[in-house]
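Heads up, the sequence shown is in the working numbering, so the first residue is 3 and it goes up one at a time. Don't be surprised by glycine CBs; every beta carbon is placed ideally from N, CA and C. Here the structure is laid out as structure tokens; the discussion comes afterwards.
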Amino acid sequence: MIDSPGGELSDILESACELQYQAWAAGNPIPLADLLARFPDVAADPEAANDLLYGEVLLAREFASECRFEDICAAFPDHAPRLRRQVALRDALEGTERTSEETVTWSSPSGRGLNPQTRLGDFEIIREIGRGGMGVVYHALDLQLGREVALKVLKHGELADARDVARFQNEVIAAAALDDPNIVAVYETGQHGEWCYYAMQYVRGGSLADARNRFVSRPRDATRLMVTVARAVQHMHLQGILHRDLKPSNVLLDEDNRPLVADFGLARIVYADAVTGTGELMGTVPFMAPELVRGGTRRASILTDVYGLGTILYTLLAGHWPYSSSDPVTTMRQISAGALPDVRRENPSVDSDLSTILGKALASAPADRYQSAADLADDLERYLEHRPIRARRAGRVEATWKWIRRKPTHAAVTVTITLLLISLLGVWLVGSIRERRLNGELAARLREVEETSAYNRELLYASDMRLVSRVLAEADSSQALDLLNRHIPQAGADDPRGIEWYFFRSQAVAPAVPLIESSEPGYYVSFSPSGDRVCVTGAGGRVTILDAETAQTERVIGTRQGEVNGLAWSPDGQLLASAGDDGTICLWDVATGRRERQIAAHDGEAYQVVFLRAGRQLVSCGKDPVVRLWNVATGQPAGVLEGHTDDVEALAVSPDGTALATVSSDRSLRFWDLTEPSPSGHRWPLAAKGSSVAFTHDGAMLAAAELSGHVHVLQLATLKSNLPSWTALLHADGVQSLAFIGESCRLATGDRSGTIRLWEPEPVPGGTTTESDHARRAWQAHDDRIYGLAVSNDGSRLASTSRDGRSLLWHTPMQPRTRSLETPGAGFTAIDSLPETGELVTVDGGGQVTLRNLRQNSTRVFACPVEKWDAVAGLPDGRIALANAESNRLLIWDLETERKLVETTFAETSTRDVELAPSPDGRSIALARYSHDEPALLLETKSLDIIDEIPTSAAQAIAWSPRDNVVAVGSMNDILIWDHATGKLLRRLSGHPATIHSLAFSPDGRFLASGGDGRSVRLWDVESGRQVMQGQVGRRLVTAVRFASDARTLIAADAFHRSIRIWNVATGQAMGILTQIPGQPQQIRVLHDGQRVAILTDDGQIHVLEADRER
3 MIDSPGGELS DILESACELQ YQAWAAGNPI PLADLLARFP DVAADPEAAN
53 DLLYGEVLLA REFASECRFE DICAAFPDHA PRLRRQVALR DALEGTERTS
103 EETVTWSSPS GRGLNPQTRL GDFEIIREIG RGGMGVVYHA LDLQLGREVA
153 LKVLKHGELA DARDVARFQN EVIAAAALDD PNIVAVYETG QHGEWCYYAM
203 QYVRGGSLAD ARNRFVSRPR DATRLMVTVA RAVQHMHLQG ILHRDLKPSN
253 VLLDEDNRPL VADFGLARIV YADAVTGTGE LMGTVPFMAP ELVRGGTRRA
303 SILTDVYGLG TILYTLLAGH WPYSSSDPVT TMRQISAGAL PDVRRENPSV
353 DSDLSTILGK ALASAPADRY QSAADLADDL ERYLEHRPIR ARRAGRVEAT
403 WKWIRRKPTH AAVTVTITLL LISLLGVWLV GSIRERRLNG ELAARLREVE
453 ETSAYNRELL YASDMRLVSR VLAEADSSQA LDLLNRHIPQ AGADDPRGIE
503 WYFFRSQAVA PAVPLIESSE PGYYVSFSPS GDRVCVTGAG GRVTILDAET
553 AQTERVIGTR QGEVNGLAWS PDGQLLASAG DDGTICLWDV ATGRRERQIA
603 AHDGEAYQVV FLRAGRQLVS CGKDPVVRLW NVATGQPAGV LEGHTDDVEA
653 LAVSPDGTAL ATVSSDRSLR FWDLTEPSPS GHRWPLAAKG SSVAFTHDGA
703 MLAAAELSGH VHVLQLATLK SNLPSWTALL HADGVQSLAF IGESCRLATG
753 DRSGTIRLWE PEPVPGGTTT ESDHARRAWQ AHDDRIYGLA VSNDGSRLAS
803 TSRDGRSLLW HTPMQPRTRS LETPGAGFTA IDSLPETGEL VTVDGGGQVT
853 LRNLRQNSTR VFACPVEKWD AVAGLPDGRI ALANAESNRL LIWDLETERK
903 LVETTFAETS TRDVELAPSP DGRSIALARY SHDEPALLLE TKSLDIIDEI
953 PTSAAQAIAW SPRDNVVAVG SMNDILIWDH ATGKLLRRLS GHPATIHSLA
1003 FSPDGRFLAS GGDGRSVRLW DVESGRQVMQ GQVGRRLVTA VRFASDARTL
1053 IAADAFHRSI RIWNVATGQA MGILTQIPGQ PQQIRVLHDG QRVAILTDDG
1103 QIHVLEADRE R
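Shown next as structure tokens:
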């Protein structure tokens, strides 16, 4: 029997172990006899004393050159047998020399799971029931006795190390030692080849986890059941066994609703650390006792199991787990703090006595719980018999003291607040002035806490966005969506999302037209030769023909073939061939839906079928290693292709019909030259089972997918030579389907995670192999594996079908992350936006000015003077300013009336660079030129008269603050902050190592961003002139900076890397690359709607980033 520790014994043992460790670490170990004499409570408890002796062995091995293990055994003979077993088991796990004859002989399987009808000794596998942290449980048949059993087999792979083997052996010993009608019985244990297993009682009724909602409205029934469970656990304790993982899923129910305790994977029969490792955390987090969370398994005792019984009862009464947080760390903190809510809040039908019993079982301190499972069972029986229960509610003083001990931090805060309130009351009595001062200090502290919390949230957001940028670059849309979804706000909460969130999300998903929404998996999708129809089939055995333009269903054919796995259109589009689970190939008249012919093609399932030789023949594959050819007109066999050694999973015919490619479960691709009299099939090895195969439209390349995640793209011209050329495309998940797009070698792949990736593999020289894990684009298309992909012949549409039951049509799957505006022959030279409407104003090299509404995709061209305008600025009331550095002209144009309002010329210089910055009210405009002898000018827009001059040197950047008369202008390496109202310099900002190219104020005017040569982006506090952020872009210069419309994000153009980078303004943290663009970015404009960013590049192109907040 396991003795129950006293209220403070665990703390005393911990103090003794700490002193023991410190003495060894200092080189002066304390003799064991003296140490036990110093701690008589430990010496009096066999369990605690053994822990101390075992710790001495481990410390001696760590700090001494040789261990005095035999001396310890001789000095303490009563503990020697158990101590020898512990040391032997530890040595067996670590692979060191053994100190006893006991050895660990269990081994772990190296293969995969067990398939139905597999024999393991005298047992035949029926099906898999479930998996745990250490083993797999199967429903099996005992062939000797003819009875059904539950067979637990040690899990294979990286989890099956020596420690897992020891735990598994420990579980068998623990379970086999128990003989109780309410504990799952163990029948037999053994080892068959590499598999170690044990057979136990098969229980049909599920577990309490499945039935927990059944007891919410019947608390007395839940109590009766828990009496039985507690008695069974008490029997375990009497046999010297701790369960340590009591939870609803480990209590099974038979057909008579009799509970049986199961799963002894974490049971303890010897010193726990020998199996779990000293202090290692074991168990299921929501059901762990507080002492395990705080101190690991060394604190486990029978009171740990009492707590586990309490969590089961709580789950039955509340209908959910004791702690519902999805974050294990948060749950462990709640457990450690004892933050379990009163069950009566969850279930008002629970009365006071039952709630009191539950509270005692779930007490945070072990000493406050029932001291045995029997005590808990007794009190539950008293409750059922309406007798007074032994558990009592804590008095107000006792409850308060326990709360202080459990939550000292909260108590300290409460006391502090109480004292503060008393102080405030005294201050009120003394005088209102002091009261206001203290209230102000408290408010400041609260604001500080709120600001710190908000800052931490921004840090997390910025960090996640940086990671999203990285995983999107790696085409991992699934992980990107997981990270993005973390920041969708709950109702009423602040929304942390900036423009980058919406832009990133638009890259992780793509708009689709639903074809079919079904509860049955879709297996295959195919476009008609003309591309006007698309056909979908799957597990339901139906063939659905839809209009590819409208997605309207035209015909549904019930095939009666079982599940339909493959489809093929005849070249003229008049026939459809379907391959079914019944092994047949059926031909259907598309116009009428009538079956024209049925061919018994394969003994097992038929997987795929294609038309050959202008539709006169069919080729099929299925659950056998043979490819079969059929005469379409007669349905008679036309030949076979043999060479594979296992099922042929997929096939494809070259566009000219002269070649066939197949992939098989035998891990090979075969290429068959159909012009040969007896094709033998050129073999290409695969690393795993083949899943899909396709030719390019010109037949020059072939792609084969395998379930390991590799896609092999081979050049057929080199396939038969001794120098084959191929590219391996690497997926994170197994590839299930693929299809080439249009006339190019662009490739679409669908994987088991539901992601579609688009690739552009380049041809490689003969004898060359390359690898790539960088897809051109990827998005999360489905919630489950994508069984089928198809592309229309013109490459304009992509269709997909998945195990999630959805079939989707994608109209523009190859659209890049940005869209480019149609570029005139001379290219664009300048861009800006109208402040009131957000429309984009563009100027091209031919002098044409165009107003573009990017949301409605509309344009309006203006008859401005034809001239090469170098700069444009949008003004309020539909006006624009245009500047030409070569002719030194500046004019104001009215877009509504399409006429020039005013024009002027400025002093001639040798520069060709000019910058414009209008004031917020549009009454003034600032002009800067890259000249060493010309000041920056401030002009009135009505007359273009000069109203102020800012002395500067080589100004390439100028910006007007949105909230006052402040203008910022770059002067070589410095920034001048100029007060237009007084005509004076407010401050000079220094820090840039080289020339400044761009300036931008935040929408609220609080911050100023700057960028230029020297690779840096800087953020300044305008009020104080303090630099609050510095970011690096890699190499060379930053050509443009802009704030997002919500001022949360700073956007910068990295010319060298041809990328747009982003920073979080609140924290100054880099959030990575927003997008890559073809040319070097020169200008950035964030449009008024906050959803679009326009970028002008050095090659005269305009690229638009769109972040649709409504999608």
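Around the CB of ASN259, fewer than 16 other CB atoms lie within 10 Å, so the residue is classed as exposed. Our two residues, GLU20 and ILE304, have alpha carbons roughly 23 Å apart in a direct line.
Looking at GLU708, VAL695 and GLY701, the one whose alpha-carbon comes closest to that of ALA689 is GLU708. Relative to the Cα of VAL737, the nearest Cα in the group LEU791, PHE697, LEU716 and TRP728 belongs to LEU791.
ASP796 has its alpha-carbon roughly 18 Å from the corresponding atom of VAL515. Taking a 10 Å sphere around the C-beta of SER580, we find 16 or more other C-beta atoms and assign the residue as buried. In the displayed model, ILE1079 falls within coil according to three-state DSSP, outside both helix and strand.
Residue environment analysis places VAL713 among the buried positions, since at least 16 neighbouring C-beta atoms fall within 10 angstroms of its C-beta.
The beta carbon of LEU569 is closer than 6 Å to those of TYR526, SER528, CYS537, THR539 and SER580 in its chain, skipping five residues each way along the sequence. Note on geometry: alpha-carbon atoms of GLU651 and SER471 lie some 37 Å from one another.
At a Cβ-Cβ threshold of 8 Å, ARG1094 and LEU1076 do not count as neighbours.
Per the coordinates, the alpha-carbon of TRP686 lies some 14 Å from the alpha-carbon of THR771. Taking the Cβ atoms as the reference, ASN52 lies roughly 44 Å from VAL218, outside the contact range of under 8 Å.
Around the beta-carbon of SER945, fewer than 16 other beta-carbon atoms lie within 10 Å, marking it exposed. Inter-segment contact for the segment 828 to 837 and the segment 549 to 560 is absent: fewer than three beta-carbon pairs are separated by less than 8 Å. Residues PHE125, GLU126, ILE128, ARG149, GLU150 and VAL151 of the same chain have their beta carbon placed closer than 8 Å to that of LEU143, with the five preceding and five following residues left out of the count. According to DSSP, residue pairing for ASN855 in a beta bridge involves SER860. In this structure LEU1001 touches GLY972 by the C-beta definition: roughly 6 Å separates them, less than 8 Å.
Check the Cα spacing between TRP1022 and each of THR1041, HIS994 and ARG779: the tightest is with HIS994. For GLY361, the enclosing alpha helix (DSSP H) begins and ends at 354 to 363. Contact annotation: GLY57 and GLN22 have beta-carbon atoms nearer than 8 Å.
Fewer than three Cβ pairs drawn from the segment 740 to 760 and the segment 487 to 495 lie within less than 8 Å of each other, which leaves the two stretches out of contact.
At a Cβ-Cβ threshold of 8 Å, GLU565 and GLY585 do not count as neighbours. Rounded to whole angstroms, LEU342 and VAL205 show a C-alpha spacing of 32 Å.
ARG535 is bridged by DSSP to ASP549. Considering only LEU153, SER209 and GLY208, the residue with the shortest C-alpha distance to VAL188 is LEU153. If you look at PHE71, you'll find it in the alpha helix (DSSP H) that goes 71 to 77. The C-beta separation of LEU810 from ALA783 comes to about 7 Å, placing the pair in contact by the 8 Å criterion. Sorting GLY207, VAL628, GLY312 and LEU1098 by C-alpha distance to the C-alpha of THR225 places GLY312 at the top.
Note on geometry: alpha-carbon atoms of VAL473 and PRO953 lie some 47 Å from one another. In the DSSP assignment, ASN633 is bridged to GLN619.
A direct Cα-to-Cα measurement between LEU620 and VAL629 gives close to 10 Å. In this structure LEU1052 touches PHE1045 by the C-beta definition: roughly 6 Å separates them, less than 8 Å. It is roughly 14 Å from the alpha-carbon of SER822 to the alpha-carbon of ASP1100.
Distance between LEU483 and ARG499, taken at the CA atoms: about 14 Å. The three-state secondary structure of GLN492, taken from DSSP, is coil.
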